[in-house]
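Going left to right, the sequence shown walks through residues 1 to 321 as full-length UniProt numbering numbers them.
Structure, as structure tokens:
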Amino acid sequence: MVSRARFLAAALGGAASVAFPAVIRAQSRKTLTIGYVPSTLFAPVFVAVERGYLRDAGFDAMLTPIVAGADSMSLVAQGQIDIAAAALSAAFYNAVNRGLDVKFVASTGYQPRKGQPSALLIRQDLYDGGLRVAGMRGKKIGWIGNTGAASAYYVARILRPAGLKLTDIEAVNVANPDQEVALERKAIDAVFTSAPFTELLEQRHLGKVVASPPAGIAAAGVFFGPALLHNTAAASSVMTALRKAASEIVGNGYYDGPNIDAYAKYTKQTIELIKSAPRYEFKPDLRIDQGTLEDMQREFVADGILTYKTPLNEVRLVARF
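If you want it as structure tokens, here you go:
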């Protein structure tokens, strides 16, 4: 008969044999710093973190919110963060032109065929008075970032059919959390924003959606800095984890409980609002939207927003893992 002492010793020994490898794995994981804009545009990143896919790939992810993509480009290029989950911007193109070590590696939230998660909203009182896109000349339009932000590009795409350009309106940099107050105080005439803020502003009758970017384009995604760009194995592991997350939120999987919880945690919005808001579409392979990458650069060159005149070749702008 096995004694209690021998049984406990064996049990503890077995527990140790299980625990020690776990400790070793934890110690061997690399810290991965991620700067992100709080939007469901970056749902694959949030899911990859919260469901443990990055951890399983050998990384301890540390997430820090950023206001806009432009704010993160110097941080990621200088290695202060490893990844930026943000939108394309003039800051990115200019950084690459200066030779900084940052590349675009994945497109995330695509504008959907149904719904308008990213949209231009005209202030409610002005909309009620008859203001529409064609009458926006000279009006103040707020969006996150400056005239070189992805939102500026989306606004440019909305203005094109009306024969207007970015130079025909007054751009106002308004972060997502401040857009509600800006509309309430009539500091801006319209706002371009993304889900779940689009739904929030309409629910509170502060603005009315009048237009959205063309379906099937994506101006937001993931950027890698030097630590990953010069470590193909690590970069590939990160992309595998992100693609696993992306594949799980295609279709109805987007609304799975753990996924919704992840969006709510990082966007700081309620689960109810996220469920009711229009959603973005995601490609399981997180392919780069080459057409939008190139068209945005042409738009910003034409508007004199970039520091150079000849568009950069895509080889300098992207990396694929």
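Glycine is no exception: its CB is placed at the ideal position from the N, C-alpha and C atoms.
Since we're looking at a predicted model, the values are computed, not measured.
Near T31, what residues of its chain come up, given a Cβ to Cβ distance below 7 Å and the 5 sequence neighbours on each side ignored?
Within the sequence shown, the letter at position 31 stands for residue 31. Around T31: D60, M62.
P44: buried (16+ other C-beta within 10 angstroms of its C-beta) or exposed?
The residue labelled residue 44 in the question sits at position 44 within the sequence shown. Flag for P44 reads buried.
Along the chain, which unbroken stretches of the alpha helix (DSSP H) at least 4 residues long are found entirely within the region 89-120?
90-97
Continuous alpha helix (DSSP H) stretch holding E314: start and end
For the purposes of this step, residue 314 is taken as residue 314 along the sequence shown, with counting starting at 1. From DSSP, the alpha helix (DSSP H) with E314 extends over 314-317.
Rounded to whole angstroms, how far is the Cβ of Y263 from the Cβ of I274, which I believe are closer than 8 Å?
For the purposes of this step, residue 263 is taken as residue 263 along the sequence shown, with counting starting at 1. For the purposes of this step, residue 274 is taken as residue 274 along the sequence shown, with counting starting at 1. The Cβ separation is near 5 Å, so the contact holds.
I need the DSSP call for I260, collapsed to helix, strand or coil.
Here residue 260 is taken as the residue at index 260 of the sequence shown, counted from 1. Helix, per DSSP.
Note down, in chain order, each residue of its chain lying with its Cβ closer than 8 Å to the Cβ of L201, except the 5 sequence neighbours on either side.
Residue mapping note: residue 201 aligns to position 201 of the sequence shown, counting from 1. Excluding residues within five positions, the ones whose Cβ falls inside 8 Å are L121, Q179, E180, L183, V191, T193, G207.
Does the distance from the C-beta atom of S107 to that of I288 stay below 8 Å?
For the purposes of this step, residue 107 is identified with residue 107 of the sequence shown, where counting begins at 1. For the purposes of this step, residue 288 is identified with residue 288 of the sequence shown, where counting begins at 1. Their beta carbons are under 8 Å apart, which means S107 touches I288 by this criterion.
With a threshold of 8 Å, are at least 3 pairs of Cβ atoms found where one atom belongs to the region 211-230 and the other to the region 72-91?
yes
Excluding the 5 residues flanking A87 on each side, which residues of the same chain have their C-beta closer than 6 Å to its C-beta?
As a working mapping, residue 87 is identified with position 87 in the sequence shown. Closer than 6 Å at Cβ, skipping near neighbours: G69, A150, A219, A220.
Neighbourhood of A319 by C-beta, 8 Å cutoff - its chain only, sequence neighbours within 5 removed:
Along the sequence shown, read from residue 1 onward, the residue named residue 319 stands at position 319. Hits under 8 Å: K103, F104, V105, F224, L229, A235.
Specify, as a first and last residue, the run of the alpha helix (DSSP H) that G291 falls within.
Indexing the sequence shown from 1 puts residue 291 at position 291. Counting along the chain, the alpha helix (DSSP H) containing G291 begins and ends at 290-302.
Quick one: is Q53 buried, meaning 16 or more other Cβ sit within 10 Å of its Cβ, or exposed?
Looking up residue 53 in the sequence shown gives position 53. Per the sequence shown, the amino acid found at residue 53 is Tyr instead of Gln. Label assigned to Y53: buried.
Residues bridged to F192 (per DSSP)
In the sequence shown, the residue the question calls residue 192 occupies position 192. DSSP lists L120 as partners of F192.
For A171, report the span of its beta strand (DSSP E) as first-last.
Position 171 of the sequence shown holds residue 171. Residues 170-173.
Anticipated Cβ contact below 8 Å, residue 323 with R29, distance rounded:
Since the displayed the chain opens at 1 and closes at 321, residue 323 lies outside it and no answer follows.
Below 8 Å, can you find three or more Cβ-Cβ pairs linking the region 167-177 to the region 139-149?
yes
Would you mind giving the Cβ-Cβ distance between D285 and R316, rounded to the nearest angstrom? I have them listed as a contact below 8 Å.
Within the sequence shown, numbered from 1, the residue matching residue 285 stands at position 285. Within the sequence shown, numbered from 1, the residue matching residue 316 stands at position 316. That pair is no contact at about 22 Å.
Would you give the residue range spanned by the alpha helix (DSSP H) that M239 belongs to?
The residue given as residue 239 occupies position 239 in the sequence shown. Run containing M239: 232-248, per the alpha helix (DSSP H) assignment.
E248 to T307, Cα distance in whole Å?
Residue numbering aside, residue 248 sits at position 248 when the sequence shown is read from its first letter. Residue numbering aside, residue 307 sits at position 307 when the sequence shown is read from its first letter. Taking the straight line joining both Cα atoms gives about 40 Å.
Specify, as a first and last residue, the run of the beta strand (DSSP E) that A84 falls within.
Your numbering for residue 84 matches position 84 in the sequence shown. Here the beta strand (DSSP E) through A84 covers 83-87.
Determine the contact status of T198 and V209, defining contact as a CB-CB distance below 8 Å.
Within the sequence shown, numbered from 1, the residue matching residue 198 stands at position 198. Within the sequence shown, numbered from 1, the residue matching residue 209 stands at position 209. Yes; because the gap between Cβ atoms is below 8 Å, this pair is in contact.
Checking the sheet assignment: what are the DSSP bridge partners for A61?
Position 61 of the sequence shown, counted from the start, is the residue given in the question as residue 61. Its beta-bridge partners are L32.
Pairwise C-alpha distance: L312 and N97
Position 97 of the sequence shown holds residue 97. Position 312 of the sequence shown holds residue 312. About 7 Å.
When the Cα atoms are used, what is the spatial distance from R160 to F321?
Taking the first residue of the sequence shown as 1, we reach residue 160 at position 160. Taking the first residue of the sequence shown as 1, we reach residue 321 at position 321. Computed Cα separation, rounded: 35 Å.
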